[in-house]
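So in this note's numbering the end of the sequence shown lands on 1506, straight run, no missing numbers. A virtual CB, placed ideally from N, CA and C, is assigned to each residue, including glycine. None of these values were measured; they are calculated from a predicted model. Worksheet: one structure, shown below.
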Amino acid sequence: MSETGRSEIVWRPTPEYVERARITKLMRAHGVASLAELQRRSVEDPAWYWDAVVKDLGIRWSKPYTRVLDVSRGIQWPRWFEGGLLNFADNCVDRHLDAGRGGKPAIIWEGDDGQSRTLTYAELGREVAKLANALKRLGVGEGDRVGVFLPMSPEAAIATLAIVRIGAIYTPCFSGYGAGAVASRLQDCEAKALITADGFYRRGQVVKMKETADEAVAASPSIKHVIVYRRLGREIPWTKGRDLWWQELADKESAECAALPVSAEHPCLIIYTSGTTGRPKGAVLTQAGFLIKCAHDFSYLMDVGEGDRLFWLTDLGWLMGPMLLTGALSAGATAVVFEGVQDYPKPDRLWGIIERHRVTVMGISPTAVRALMPHGPEHVHAHDLSALRIIGSTGEPWNPEPYRWLFENAGKARLPIINYTGGTEISGGILGCFPIAPIKPCSFFGAIPGMAAECFGEDGRPVRGQVGELVITGTWP
């Protein structure tokens, strides 16, 4: 694709995309005629916008907030949803059970070895409650930190939801980390417990996760308990009195556990950015902030709603892992979770997942697309991707060739690629594309509503048509 090709519009929304889009319904409900008007109003009056979003998304509060936003201490110290109490897990599980969605699939998992499992919302709710009760019995409570070092699995969702259900805070660790990287995160957040697995498969090989966890825990004196998910059933080293089998622990517990109402600003997770210098930096994301921003972005950019099946090629240790689970479960949709890699055991593995599980919204990074390209487009064409209607992308900039390859082969030149960028500390995106706006290759339509994004030059003033620094001049939850 030439530089001229980059500036050409390759996708325009059909009337069907516009009509079904959740962002269309939000705009119509508030008399907003265009995305430009929505963006302008959202940053001029963030209290109006985020209150409208909360109501449109059906976020449930145990106690309603009395004030949306207080910036009396300065824009850098906002207080959101003052007086309100809610629980992240209540909004991702219980709210759907109460709405009669208990029999619908919440999570579909596929392992590296081809195994698969499906959990309904009712089954997910029971497993979350049992693990939450087990954590409480071990002395984990409100404000305590728990490390989560697990492969992408239903247990990753159960663990994170159980932790936040009782007001504790989770710290996700990338499943491929060595002991030093895991230990640095456990040490920094002073985690009280660690949830891990005996191992998992990657490209057909056993990854000895428990041994890595043991080494990390040896350097992390705050850890009192290690809960182990039996993924492989292999023999592993065991420290009596500290190590506990997940299933044996949870099976003793009740499948009823009330979600603890917490303030909007109560921490939900501490996730670490790798950083360019020094130790990893922990970003504290709040129960209301992460829930609402993530639900917002997946609902209005990726157009995820009840009945959708959302897949993202990611890991729990990267923000997109928690976002995959949150984006799907907050909407009453299904999260499709994959343990393996995109081209094992055959080059068509990814496309087989999309076909088998009737994925409607998929997410992939440019790097993963570049890795698939040498295998040839015939592996894409061999599968029925007719359920797919939106492709998301994040993680790095595109270059034209892989973008065009994905657009023409997976999307048949008829599906939008929703390019999306933000940051770990943002709880989501800053810039993106929309299912109701034209799309140019490798580009963004503009700032995401609610994000007061600007491009500043070296003199600290806004610039257009030249390279500058991305700056956010307003606040968001």
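Membership of residue 1424 in any beta strand (DSSP E) is not indicated, and neither H nor E is assigned to it by DSSP. Secondary structure in the stretch 1050-1102: the beta strand (DSSP E) runs of 3 residues or longer, each lying completely within the stretch, are 1096-1099 in chain order. In this structure, residue 1289 keeps its C-beta atom at 9 Å or more from the C-beta atom of residue 1156. Sixteen is the threshold: since fewer than 16 other Cβ atoms of the shown chains lie within 10 Å of the Cβ of residue 1411, the residue is exposed. Less than 9 Å divides the Cβ of residue 1299 from the Cβ of residue 1314. Contact between residue 1438 and residue 1406 is confirmed by a C-beta separation of about 4 Å, below the 8 Å threshold. Counting only runs of at least 4 residues, the stretch 1118-1180 fully encloses the following alpha helix (DSSP H) elements, listed from N- to C-terminal order: 1124-1127, 1150-1166.
Here the alpha carbon of residue 1194 sits roughly 16 Å from the alpha carbon of residue 1201.
Between the C-alpha atoms of residue 1169 and residue 1221 there is a straight-line separation of about 7 Å. DSSP places residue 1310 in the uninterrupted beta strand (DSSP E) bounded by 1310-1315.
Per DSSP, residue 1380 is not a residue of any beta strand (DSSP E); the alpha helix (DSSP H) it occupies stretches across 1378-1385. One Cα belongs to residue 1233, the other to residue 1243, and the distance between them is close to 23 Å. Bounds of the alpha helix (DSSP H) holding residue 1218 are 1208-1218. When C-beta atoms of the stretch 1359-1378 are compared with those of the stretch 1450-1460, fewer than three pairs fall below 8 Å, so the two segments do not count as touching. For residue 1398, the uninterrupted alpha helix (DSSP H) segment begins and ends at 1395-1401. When secondary structure is reduced to three states using DSSP, residue 1301 falls in the strand class. Within 10 angstroms of the beta-carbon of residue 1118 lie 16 or more other beta-carbons, which makes it buried. When beta bridges are read from the DSSP output, residue 1449 appears opposite 1461. For secondary structure counted as the alpha helix (DSSP H) over 4 or more consecutive residues, the stretch 1238-1310 holds these complete runs in sequence order: 1238-1247, 1275-1279. Beta-carbon to beta-carbon, residue 1089 and residue 1114 are separated by about 11 Å, too far to satisfy the 8 Å threshold. Comparing alpha-carbon positions, the option among 1078, 1398, 1204 lying closest to residue 1503 turns out to be 1078. For residue 1500, the enclosing beta strand (DSSP E) has its first and last residue at 1498-1501. Of 1462, 1255, 1229, 1277, the smallest CA-CA separation from residue 1263 is found for 1229.
Rounded to whole angstroms, the Cβ separation of residue 1136 and residue 1466 is 31 Å, and the two are not in contact under 8 Å. Straight-line measurement puts the Cα of residue 1093 at about 25 Å from the Cα of residue 1352. Beyond the five residues adjoining it in sequence on each side, residue 1047 comes within less than 7 Å, by CB distance, of 1053, 1465 in the same chain, given in chain order.
Between the beta-carbon of residue 1324 and that of residue 1360 there is about 7 Å, and that keeps the pair under the 8 Å contact cut.
Put simply, the backbone Cα of residue 1042 is about 17 Å away from that of residue 1328.
Shown here, residue 1329 sits in a helix according to DSSP, grouped into three states. With a cutoff of 9 Å on beta-carbon distance, residue 1058 and residue 1081 are scored as near each other. DSSP places residue 1194 in the uninterrupted alpha helix (DSSP H) bounded by 1183-1194.
In this structure, residue 1246 and residue 1255 form a Cβ contact; the two beta carbons are roughly 6 Å apart against a cut-off of 8 Å. In this structure residue 1044 is exposed. Its beta-carbon is surrounded by fewer than 16 other beta-carbon atoms within 10 angstroms. Around the beta carbon of residue 1104, a 10 Å sphere encloses fewer than 16 other beta carbons of the protein chains shown; the residue is thus reported as exposed. Burial state of residue 1391 is buried, judged by a 10 Å Cβ sphere holding 16 or more other Cβ atoms. DSSP lists 1341, 1421 as the beta-bridge partner residues of residue 1392.
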